[in-house]
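Q: Take a look at this one; I'll ask things after.
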Amino acid sequence: MIAVESLRHRYGATTVLALDSWRAAAGEHCLVLGASGSGKSTLLAIVAGLLRPSEGRVEVAGEDLGRLSGPALDRFRGRHIGFVPQKLHLIANLDVEANLVLAQFMAGVAQDRARVREVLAAVGLANRLGAKPAQLSHGQAQRVAVARAVVNRPQVILADEPTSNLDDAHCAATLELLESQAAACGATLVIATHDQRTKSRFATRLELAGAPA
Amino acid sequence: MNLARLSVAYLKARPLNTVLNLVLLALGVGTIALLLLANHQIEERMGRDARGIDLVAGAKGSPMQLILSTVFHVDAPTGNIPLAEAKKLAQHRAVKLAIPLALGDSFRGFRIVGTTHDYVGHYAGELAAGRLWEAPMEAVLGAETARTTGLGVGGKFVGSHGFAEGGEEHGEFPYAVVGVLKPTGTVLDRLVLTNVESVWFVHIHPERHDDPGTVLAHLREDEQEITALLIQYATPIAAATLPRMINSTSALQAASPAYESARLFRMLGVGIDVLRAFALVLVAAAGLSIFIALYNAMEERRYDLAVMRMLGASRGKLMRLVLLEAVALALAGAVIGLGLGHLLTEAVGAMLAAAQQPSVTGAAWLNAELWLVALAAGVGLVAGLVPAWRAYRTDIATTLAQA
Numbered sequence: 001m002i003a004v005e006s007l008r009h010r011y012g013a014t015t016v017l018a019l020d021s022w023r024a025a026a027g028e029h030c031l032v033l034g035a036s037g038s039g040k041s042t043l044l045a046i047v048a049g050l051l052r053p054s055e056g057r058v059e060v061a062g063e064d065l066g067r068l069s070g071p072a073l074d075r076f077r078g079r080h081i082g083f084v085p086q087k088l089h090l091i092a093n094l095d096v097e098a099n100l101v102l103a104q105f106m107a108g109v110a111q112d113r114a115r116v117r118e119v120l121a122a123v124g125l126a127n128r129l130g131a132k133p134a135q136l137s138h139g140q141a142q143r144v145a146v147a148r149a150v151v152n153r154p155q156v157i158l159a160d161e162p163t164s165n166l167d168d169a170h171c172a173a174t175l176e177l178l179e180s181q182a183a184a185c186g187a188t189l190v191i192a193t194h195d196q197r198t199k200s201r202f203a204t205r206l207e208l209a210g211a212p213a
Numbered sequence: 001m002n003l004a005r006l007s008v009a010y011l012k013a014r015p016l017n018t019v020l021n022l023v024l025l026a027l028g029v030g031t032i033a034l035l036l037l038a039n040h041q042i043e044e045r046m047g048r049d050a051r052g053i054d055l056v057a058g059a060k061g062s063p064m065q066l067i068l069s070t071v072f073h074v075d076a077p078t079g080n081i082p083l084a085e086a087k088k089l090a091q092h093r094a095v096k097l098a099i100p101l102a103l104g105d106s107f108r109g110f111r112i113v114g115t116t117h118d119y120v121g122h123y124a125g126e127l128a129a130g131r132l133w134e135a136p137m138e139a140v141l142g143a144e145t146a147r148t149t150g151l152g153v154g155g156k157f158v159g160s161h162g163f164a165e166g167g168e169e170h171g172e173f174p175y176a177v178v179g180v181l182k183p184t185g186t187v188l189d190r191l192v193l194t195n196v197e198s199v200w201f202v203h204i205h206p207e208r209h210d211d212p213g214t215v216l217a218h219l220r221e222d223e224q225e226i227t228a229l230l231i232q233y234a235t236p237i238a239a240a241t242l243p244r245m246i247n248s249t250s251a252l253q254a255a256s257p258a259y260e261s262a263r264l265f266r267m268l269g270v271g272i273d274v275l276r277a278f279a280l281v282l283v284a285a286a287g288l289s290i291f292i293a294l295y296n297a298m299e300e301r302r303y304d305l306a307v308m309r310m311l312g313a314s315r316g317k318l319m320r321l322v323l324l325e326a327v328a329l330a331l332a333g334a335v336i337g338l339g340l341g342h343l344l345t346e347a348v349g350a351m352l353a354a355a356q357q358p359s360v361t362g363a364a365w366l367n368a369e370l371w372l373v374a375l376a377a378g379v380g381l382v383a384g385l386v387p388a389w390r391a392y393r394t395d396i397a398t399t400l401a402q403a
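Here the protein sequences line up with chains E and D, keeping their order. Here the first sequence stands for residues 1 to 213, where the numbers follow the working numbering. Here the second sequence stands for residues 1 to 403, where the numbers follow the working numbering.
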């Protein structure tokens with residue numbers, strides 16, 4: 001599902017990410033580990049098609065991302081990739097339901113309110129459809145962000161430090177939610193984290209050592 | 001969900017900014033609309049009033065005053081001229097049509113004009129009821145005069161001296177209304193028409209039971225005066241010779257309605273230009289305000305824009321979103337402004353009508369107003385360009401990773 005070859009990313013003269021080869025199979029759940037600054041977020045951004053790497057080849061769901069034009073890459077990302085950013089970045093002006101409809105609208109897929117409600121029910125927010133993000137607890141907002149990532153039934157779900165600000169109970173609940181939702185769409189799940197609590201749950205791990213000189 | 005609804009959601013999230021921008025734009029557009037409407041209607045009205053009158057001969061004085069008082073009926077006359085001289089002039093072969101006017105009195109602010117049936121014919125006036133005047137002290141009312149005063153055929157009224165309400169009344173000698181005219185859209189609507197003799201009769205202060213016929217038969221020649229003669233040329237060449245002839249060889253003054261109204265508009269034009277420039281400054285200020293509001297909003301919205309990109313939006317889509325927001329705001333401002341302009345025009349019209357002045361109406365549409373809408377949309381578009389470009393350039397990966 002994800003195949004990375006000879007990947008390098010540099011900001012100016014500084015190499016922030018170097019990864020010779022990495023693969024994640026369809027439906028696989030995988031952790032990307034490493035200290036901050038080791039390039040975890042950069043790797044996720046590259047796999048999501050948010051960032052074009054300085055060098056290397058990235059294939060996601062059978063598409064070579066480097067060969068897609070800008071708008072085609074945007075379209076591909078909208079339809080096949082669900083992204084849960086570290087700062088959840090829900091749209092403050094829109095209510096919970098509209099935040100999910102926005103994901104359908106921006107991806108250019110049919111706006112399906114039944115699907116939106118189904119996903120919100122699955123993350124336990126069926127009764128908060130009309131709430132604005134500011135009215136939600138952090139845990140609830142996190143669940144909206146997960147719901148937003150899965151609403152278009154992506155093939156790959158990427159989560160950047162999803163547990164960094166959570167206590168143990170919420171940490172476990174969030175991971176469980178990500179896993180169950182990924183399983184529900186049969187998506188490959190990749191979680192970037194430096195949170196030691198997550199390690200035990202996942203067999204497949206990628207350790208990023210940080211930038212080589 | 002679509003881009004328009006998303007734009008509206010963002011506009012609603014900043015209500016104070018949105019209202020400020022709408023008010024600024026609406027004031028600018030409204031002022032321009034008022035100027036357009038009033039200017040156009042007054043010009044059109046003056047054009048209709050002056051149409052077919054090539055020259056006015058009256059007493060010496062300000063030519064503009066002569067035109068204003070005898071063609072548009074808004075100023076005091078310059079004085080009177082002897083009927084004999086007017087008759088001589090009317091017989092000149094360069095004159096095709098000469099209509100005498102005798103002014104001096106009014107009825108509730110509407111001027112009483114002593115004239116001939118030619119005057120009604122000139123403005124294509126038609127009777128709505130009754131007949132035209134035949135004998136002294138018979139009067140025909142213009143449509144607006146009849147409507148405002150509530151008088152109809154068979155009614156009686158007394159004129160008062162001068163043109164303002166509350167002048168000395170000629171109480172002994174009431175006029176009898178014998179006819180009412182249909183609306184013509186000209187100055188005729190706001191007049192009371194009678195024959196020249198009626199005006200003479202009232203002004204020589206006859207005894208209570210004098211018979212107009214007998215009194216008028218004994219009128220001395222020097223008492224037979226009129227205010228002005230409206231002249232239509234027989235040939236275009238008359239324009240070159242007749243005014244000079246009148247001005248140099250008689251005690252009369254000749255003034256051209258076309259020339260004097262053009263002069264009037266040139267003088268008023270400065271004021272209108274100043275107002276218009278002021279309104280354009282308001283529109284430009286609104287554009288700047290929209291620009292600043294959007295520019296600042298882009299700073300707050302960097303994350304939202306990055307999220308939309310993350311969710312699959314292309315750069316072009318975000319650019320359209322921002323431009324749409326600016327243009328939607330500008331268009332809403334323009335529409336409110338046009339409504340405001342029409343309301344203001346109607347209000348000004350009501351004030352003018354209450355003063356028996358030629359009125360304007362807000363219930364009229366000018367195609368030039370479409371240009372105002374286009375102007376506002378253009379201002380919105382320009383104001384949105386730089387913020388849209390910022391949205392286009394947003395670096396999503398970096399922005400998403402930021403706090």
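Where a beta carbon is used, it is the ideal one built from N, C-alpha and C, also for glycine.
Can you tell me whether V416(D) is helix, strand or coil according to DSSP?
A: Nothing can be reported for residue 416(D), as the shown portion of chain D is limited to 1 through 403.
Q: Starting from H9(E), follow its DSSP beta bridges and name the residues at the other end.
A: Against the first sequence, residue 9(E) aligns to sequence position 9. Paired residue(s): L17(E).
Q: What residues from chain D crowd round I91(E), counting only those whose CB sits closer than 7 Å?
A: On the first sequence, residue 91(E) is found 91 positions in, with the first residue counted as 1. In chain order: D304 and V307.
Q: What does a CB cutoff of less than 6 Å around Y175(D) pick up in its chain, not counting 5 residues either side in sequence?
A: Position 175 of the second sequence, counted from the first residue, corresponds to residue 175(D). The answer, listed in chain order, is M137, A139 and F157.
Q: Below 7 Å CB to CB, which residues in the same chain sit around A388(D) once its five sequence neighbours on both sides are set aside?
A: Residue numbering aside, residue 388(D) sits at position 388 when the second sequence is read from its first letter. For A388(D), same chain residues with a beta-carbon under 7 Å away, outside a window of 5 residues either side, are M319, V322 and L323 in chain order.
Q: Closest by CA to E144(D), which one among K182(D), H161(D), G159(D) and T116(D)?
A: For this step, residue 144(D) is matched to residue 144 along the second sequence. Per the Cα distances, K182(D).
Q: Please go through the same chain and pick out, in chain order, the residues whose beta-carbon is closer than 8 Å to the beta-carbon of P212(E), but skip the five residues on each side of it.
A: In the first sequence, the residue the question calls residue 212(E) occupies position 212. Reliability fails at P212(E), whose pLDDT of 49 lies under 50, so the model's placement of it is uncertain and no value is given.
Q: How far does the beta strand (DSSP E) with F110(D) in it reach, from first residue to last?
A: Position 110 of the second sequence holds residue 110(D). Segment F110 to T115, the beta strand (DSSP E) holding F110(D).
Q: Going along the stretch 105–116 of chain E in order, which residues come within less than 7 Å of chain D, judged by CB to CB distance?
A: F105, M106, A107, G108 and Q111
Q: Can you grab the Cα-Cα spacing for the pair E59(E) / Q140(E), in whole Å?
A: Residue numbering aside, residue 59(E) sits at position 59 when the first sequence is read from its first letter. Residue numbering aside, residue 140(E) sits at position 140 when the first sequence is read from its first letter. Rounded to the nearest angstrom, the gap between the Cα atoms of E59(E) and Q140(E) is 33 Å.
Q: According to DSSP, is G271(D) helix, strand or coil?
A: Position 271 of the second sequence, counted from the start, is the residue given in the question as residue 271(D). G271(D) falls in the helix class under three-state DSSP.
Q: Note the first and the last residue of the continuous alpha helix (DSSP H) segment covering R117(E).
A: By one-based count along the first sequence, residue 117(E) stands at place 117. That run of the alpha helix (DSSP H) goes R113 to A122.
Q: Can you give me the start and stop residues for the alpha helix (DSSP H) that K317(D) sits inside?
A: Position 317 of the second sequence, counted from the first residue, corresponds to residue 317(D). That run of the alpha helix (DSSP H) goes R315 to A354.
Q: Helix or strand or just coil, what does DSSP make of L31(E)?
A: Along the first sequence, read from residue 1 onward, the residue named residue 31(E) stands at position 31. Residue state, collapsed to three classes: strand.
Q: Quick one: what does DSSP say V180(D) is sitting in, helix, strand or coil?
A: For the purposes of this step, residue 180(D) is identified with residue 180 of the second sequence, where counting begins at 1. It is a strand residue.
Q: With a threshold of 8 Å between beta carbons, is Y10(D) in contact with chain E?
A: Taking the second sequence and counting its residues from 1, the one referred to as residue 10(D) is at position 10. With 8 Å as the cut-off, Y10(D) counts as an interface residue toward chain E.
Q: Rounding to the nearest angstrom, what Cα-Cα distance links D112(E) and A350(D) in this structure?
A: Position 112 of the first sequence, counted from the first residue, corresponds to residue 112(E). Position 350 of the second sequence, counted from the first residue, corresponds to residue 350(D). Computed Cα separation, rounded: 55 Å.
Q: Step through the CB atoms of chain D and report whether any lies within less than 8 Å of the CB of P212(E).
A: Translated into positions along the first sequence, residue 212(E) becomes position 212. Residue confidence is low: P212(E) scores 49 on pLDDT, short of 50, so the model does not pin down where it sits. Its coordinate-derived value is still stated next. So, not an interface residue.
Q: On the DSSP bridge list, what partners appear for G82(E)?
A: The residue labelled residue 82(E) in the question sits at position 82 within the first sequence. Looking at the DSSP assignment, G82(E) forms a beta bridge with I157(E).
Q: Does the pairing of the stretch 71–80 of chain D with the stretch 148–157 of chain D give three or more beta-carbon distances under 8 Å?
A: no
Q: Taking A86(D) and L229(D) to be in contact with their CB atoms under 8 Å, please state how far apart those CB atoms are, rounded to whole angstroms.
A: Counting from one through the second sequence, the residue named residue 86(D) turns up at place 86. Counting from one through the second sequence, the residue named residue 229(D) turns up at place 229. Confirmed, Cβ separation roughly 5 Å.
Q: Tell me whether Y119(D) sits in a helix, a strand or coil according to DSSP, three-state version.
A: Locating residue 119(D) in the second sequence gives position 119, where the first residue counts as 1. If DSSP states are grouped into helix, strand and coil, Y119(D) belongs with the helices.
Q: Check the Cβ-Cβ distances between A98(E) and every residue of chain D, and say whether any is below 8 Å.
A: Along the first sequence, read from residue 1 onward, the residue named residue 98(E) stands at position 98. Chain D contact via Cβ: present.
Q: Give, in chain order, every unbroken run of the alpha helix (DSSP H) that is at least 4 residues long and sits entirely within the stretch 76–114 of chain D.
A: 83–90
Q: Only counting the same chain, and skipping five residues up and downstream in sequence, which positions put a Cβ closer than 8 Å to that of I91(E)?
A: Indexing the first sequence from 1 puts residue 91(E) at position 91. Same-chain partners within the cutoff: A98, N99, L102 and P133.
Q: Flag this pair as yes or no: are the beta carbons of Q142(E) and T174(E) separated by less than 8 Å?
A: What you label residue 142(E) is simply residue 142 of the first sequence in a count that begins at 1. What you label residue 174(E) is simply residue 174 of the first sequence in a count that begins at 1. Yes, these two residues count as a Cβ contact at 8 Å.
Q: The alpha helix (DSSP H) that contains T249(D), what's its start and end?
A: Here residue 249(D) is taken as the residue at index 249 of the second sequence, counted from 1. A238 to T249 is the span of the alpha helix (DSSP H), which, as asked, contains T249(D).
Q: Assign A258(D) to one of three DSSP states: helix, strand, or coil.
A: Residue numbering aside, residue 258(D) sits at position 258 when the second sequence is read from its first letter. The answer is helix: DSSP assigns A258(D) an H, G or I state.
Q: What does DSSP give as the partner residues of Y392(D) in its beta bridges?
A: For the purposes of this step, residue 392(D) is taken as the residue at position 392 of the second sequence. BP columns for Y392(D) are empty, so no partner.
Q: Would you kindly report the start and end of the unbroken alpha helix (DSSP H) that includes L175(E)?
A: Indexing the first sequence from 1 puts residue 175(E) at position 175. Residues D168 to C185.
Q: Any beta-carbon of chain E closer than 8 Å to the one on G378(D)?
A: For this step, residue 378(D) is matched to residue 378 along the second sequence. So no, G378(D) is outside the interface.
Q: Give the straight-line distance between the Cα atoms of G130(E) and A149(E), rounded to the nearest whole angstrom.
A: In the first sequence, the residue the question calls residue 130(E) occupies position 130. In the first sequence, the residue the question calls residue 149(E) occupies position 149. CA-CA distance, G130(E) to A149(E), rounds to 19 Å.
Q: Relative to the alpha-carbon of A48(E), which residue among V116(E), L189(E) and A122(E) has its alpha-carbon at the smallest distance?
A: Here residue 48(E) corresponds to residue number 48 of the first sequence, with the count starting at 1. Selected option, being the one with the closest Cα: L189(E).
Q: Compare the Cα-Cα distances from G198(E) to each of R153(E), D167(E), Q181(E) and A209(E) and report the closest residue.
A: As a working mapping, residue 198(E) is identified with position 198 in the first sequence. What sits at residue 198(E) in the sequence shown is Thr, not Gly. Looking at the Cα atoms, D167(E) is the closest of the given residues.
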